[in-house]
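FYI, in this note's numbering the residues of the sequence shown are 64 to 1093.
The C-beta atom is built at its ideal place from N, Cα and C for all residues, glycine as well.
Here's the structure, in structure tokens; my notes come after.
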Amino acid sequence: MRMRMSTVYLVRRTLGILVVILVLVSLYWNYKLHATKKKQFSQPSLESLTQRDEVSALKKGKISSHKNRGTTTTKSAVTHATTRGAPTRLLQKLSQLEARLNQSHAVSMIIFHDPENVLRSKDSLYGLSLEKQGYKVKVVSNLSEDGPDSMISSSWSGIMCYSQRQSGSHPCLNKKSLTKLKLHQKVSYIPGLDKILILPDKFCYTMSAAHHLPALTSSPLSVPCSVSPSKSISEKVFKSLDNSTLFLIKPSEEASPLITFTRMLTVERMLQIKGVLHAIRHPLFIDSQPVIIKVYVLITSMTPLRVFRHHDGSAVIMTQDKGIKETWTLHQLDVYLSESFSANDVSRAWSQVDEMIVKSLMISESSLLGDKLKMELLSQSSNFFHLLEFYFTFNSSLHPFLLEVKPTLDGSTSPDVVRDTIQLVFGATSSVRHVHEMLQKENKTIGVEGLYCSQQHKICLDDSELVYVIENHRQATALGRFKKLYPTSESNKYQQLLDDLVSSDDDSLDSRLKTHKRRSTPQLHSVLTEMESYREGFASDGDVPHVDQRKGYWETDDDDYPDKISPDSSSNVQRQSRPKCNEDSSADPVLTAIYIDPTSADFTPAFTPEITEYDVTFPFDVAVVKIWGATTCGSEARVNSVTGTSGAANYSVGVGWNKFAIHLVDTSLAHPSVIGTYNINIYRRGRSNQHKPFSDSATTHEMCSLKQDCDLKAFPGLPCGPQKIPEKTMNEFLESRVDLPWCENGDAPGSWVFPCANCSDPSSCFWREAKWTPDSCTHNILSNKDAKTCLASKKILFVGDSTNRGIMYYLMEKINGSLQQWEKTHSMKVYSSALNDGKTSVSFAYYPQFWLPPDRKPVFLKALQHLMARFMPLTNSTDTILVVGGVQWLLPSHVIAIKTTVSSLGLGGIKVIIKTLGSGFHLPVPGFVKLNLEGQQKVAQRNQMVMKAARTAGFEVVDTHAMTVARYKEFLMGKCGCHFHKVVDLRSHQREDDEIPSTLLNTMDSLPRYHVIGPINSAYSEIIISRMCS
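Written out as structure tokens, the structure is:
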């Protein structure tokens, strides 16, 4: 009985406890639900969170910002890129990552692992280069098993592994040590690459497998090869060839040179060979001998890929069966090839070489990611770099084929390659500001894990990827004579190959990538290309100039120059030896003098190192000046860029203000840095010496016309210089034109007409009164109001270079009454909502990309189709206006392509206006061809052909060539001498002296932000607007 009562008691007590627990749980969840609802009403988005709240929310798991392979796992409200404090925290994160990268510069210790005593001492090219940069160098021949681990924990900058110079040798660091590398530590080899690309037999296997990728079936990277002895493979290779085939054999021994054979190679002989056999059909011969080209390739990241090619290299002419005959530099090879092939063919061949380098490494990356251990190591890709030698040959059509990849050897590597490698890999130029600016501008598509990441972002970068971006910018400022191959703004050409590589990977690779949270090149390709476009665009504005690393001349941020740049631009460069510096080695870096030739008495103030802003004035006749500076030893004065020339060089000077910068660079440090910048503002006076107002009645004058300058007779059959016309005064001239009809086209022959005291003396002329005057008609120049009315409801598409862009901005200012926005766009741009009260849409597409090699420039027909498709819908009427033109790139074939395109799109009824060629390229400045008189006359002839083709197609034509050649000396700022417009900031303290006071400013209540100046641009822009409304 007592026992039964005890049992009942326990049951009741247990049930009571359970009831209490249920009540407490119910109360808890009701509280949570109430709190959640309250929070949802009081805080509708995470934008209202403070920085502390965001961190707390992340810790509690309310926000999941991790992103794998471009997908988001956000669990609560979207975290917008505009979250308060994100820009500041992004800058802090970037600064912290860069500080970790910079630890090496505080330690400055480079360790050479040289087990086979290749160096014998630190006095090697690398050792001397590193010591010159301020690094300490230590050479060791043996690392014990626990040595690497202890070294990893110590503070050293890098390990140069000479054991990795011989394929198949033991690595200088074991696998465990490699996984413990700190962010700032660099090792000079990429784990696993030898097993895929460097060992001769592995190279053959990889290239043979790559032939099956769809992107490479029609353009293989290498010639057919086989690893001998292998009867099946050898017979297959042999049967696919003919008697035009040259055989190259790479023996199994690493140090053996390539041996060449001719057609006398049987299957039996092939079976006796121990090594890799390469078979080249129709090879290129120099002096009846085959040639092998060696280029230096530097990989600074394998996943995602980042790779460079150096300007240096060699061409080895082989004798059949006897080895090397002679060795040429790449420049000597270029000279030889240019005698047998066109410049376009040679340029295309080198572009194909660069593409093959990138493609072979993309394939190698894909193979490395198939190995779990290698993929784990590559997750630390920023720790590894590799300098390699790529060997190519050409066939008789100048198509390249990759033959071999080898590690570099210290004794045979060019000193310039070594020096530039050290500078690029261990450089310490800060890039945080540029990276931060880029990420802020792209924050709607690119997020950052832990800061802002949402479904709207295409991708969210983790710390390792931010490090990649930082190093990408840093290395772009330390190229030396390296050329960046990937990533670039033109990397979209690799998309098909990357798609093939992704589709060929199995699911296990995809799962391993997720496990290691590491994105490879295919996954990051589009984002890298976009970011590189931004970086290169930033560089084109003058911060980071680009160098053509093979030819060695500077490309500038000038938009417009012809396809053919002189192979030896030195003929156009006035070079001088570097000015002697102050020999006091203890003195701080100081700019001791600024030199400008010709000298000017109007250099103010007098130079002192403490003053950094100077104004200089030159007369109209000075169109080219030399600028350079003198410094103390251990420093250089570099003009217009921190990596620019330190010697005297020519610079064009346009009418009005021209801005130059001399950077004082301290070159005594391990990593050169800018000490200060001196700004030089050069003002070139306008052509007219008659500054007093012109009055027809009060000024003695005669009327003159000008069709061409006597210093540039582009039209041999026409008179040159100002010619007296029958009308004696300006009033008589104006009255004679009152009854003339409106011009029916924009290319009516004409001349510039203006008053002069004496037509035989151009300096006596009133150039501000000059007007472009057709011979037998007059153009209907519209008022601002009439232009606004006429162009309402129209879509206007401009296609061309910066000269077309100048016309577009002039039109925008005319119909809008002001110009509030302006940019030097090199891509596509649409202006609609703020133009003509939203009634007119104006679009611009930059074409062509002059800085690209011919084979990489977009085909005009495809570019035009892409543009018009981009701005659909377009009406098939004159409400759609297409304006195409440029300086000197337009050909009759382009006009035919325009006709074909608009017809194929069902837009044969739109209005097409062809702006013809223009004056330019007459100045001796570096990087540009100076066209001689014959060249200028050929441009004039081509202009006539373009106009004829346009008339035949039924297009409107405006002859800007005749208008600009006659006054070619009056170009405005720009190196090509081809710009006749300039957009000026009206808030600037510098005032431009417009040759003709612009009518655009007459009707404005207040000054706009920007203003388009240039009387010649104004004249042909008004004619084009007139033809739009005809």
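Query, Result
"Under 8 Å between C-beta atoms of residue 688 and residue 725", "no"
"Per DSSP, the bridge partner or partners of residue 667", "678"
"Simplified DSSP state of residue 821, which is helix, strand or coil", "coil"
"For residue 201, the first and last residue of its enclosing beta strand (DSSP E)", "199-203"
"Helix, strand or coil at residue 830 according to DSSP, with G and I counted as helix", "helix"
"Alpha-carbon to alpha-carbon, residue 1022 and residue 960", "20 Å"
"Beta-carbon proximity check, residue 944 vs residue 977, cutoff 8 Å", "no"
"Option nearest residue 981 by Cα separation, candidates 975, 967 and 1003", "1003"
"Endpoints, the alpha helix (DSSP H) within which residue 422 is located", "406-431"
"Cα-Cα separation, residue 135 to residue 593", "Bear in mind that a pLDDT of 37 at residue 135, under 50, signals an unreliable position, so the number given afterwards is only what the model happens to contain. If you take the alpha carbons of residue 135 and residue 593, they lie about 20 Å apart."
"Top-ranked residue by Cα proximity to residue 771, from 898, 547 and 1032", "1032"
"Cα-Cα separation between residue 494 and residue 160, rounded to whole angstroms", "11 Å"
"3-residue-minimum beta strand (DSSP E) runs that sit fully inside the stretch 930-989, ordered along the chain", "943-948 and 974-978"
"For residue 1030 and residue 1037, the rounded distance between their alpha carbons", "16 Å"
"Inter-stretch contact at 8 Å, needing at least 3 Cβ pairs: the stretch 521-528 / the stretch 461-481", "no"
"For residue 686, three-class secondary structure by DSSP", "coil"
"Anticipated Cβ contact below 8 Å, residue 390 with residue 448, distance rounded", "Wrong, their Cβ atoms sit about 27 Å apart, outside the cutoff."
"Those residues which DSSP pairs with residue 841 across a bridge", "805"
"Through-space distance from residue 935 to residue 856, alpha-carbon basis", "15 Å"
"Exposed unless 16 or more other CB atoms sit within 10 angstroms - verdict on residue 805", "exposed"
"Per-residue burial, residue 864 [other beta carbons within 10 Å of its own, 16 or more giving buried]", "buried"
"Complete alpha helix (DSSP H) runs within the stretch 844-871 (minimum length 4 residues, chain order)", "847-854"
"Sheet register partners of residue 391 (DSSP bridge)", "378"
"Cβ pair count under 8 Å reaching 3, the stretch 789-803 against the stretch 764-780", "yes"
"Residue 365 - DSSP class collapsed to helix/strand/coil", "strand"
"Spatial neighbours of residue 162 in its chain, beta-carbon cut-off 7 Å, leaving aside the 5 residues before and after", "none"
"Residue 939 versus 948, 967 and 956, residue with shortest Cα-Cα distance", "967"
"Unbroken beta strand (DSSP E) run spanning residue 657, endpoints", "654-660"
"Opposing strand residues paired with residue 465 [DSSP bridges]", "285 and 455"
"Straight-line Cα distance separating residue 746 from residue 800", "37 Å"
"Cα-Cα separation between residue 253 and residue 459, rounded to whole angstroms", "35 Å"
"Cβ pair residue 899, residue 851 closer than 8 Å", "yes"
"Cβ-Cβ distance between residue 873 and residue 985 below 8 Å", "no"
"Backbone CA spacing between residue 849 and residue 1088 [nearest angstrom]", "11 Å"
"Backbone CA spacing between residue 531 and residue 376 [nearest angstrom]", "28 Å"
"Member of 1019, 991 and 258 whose CA lies at the smallest distance from the CA of residue 1041", "991"
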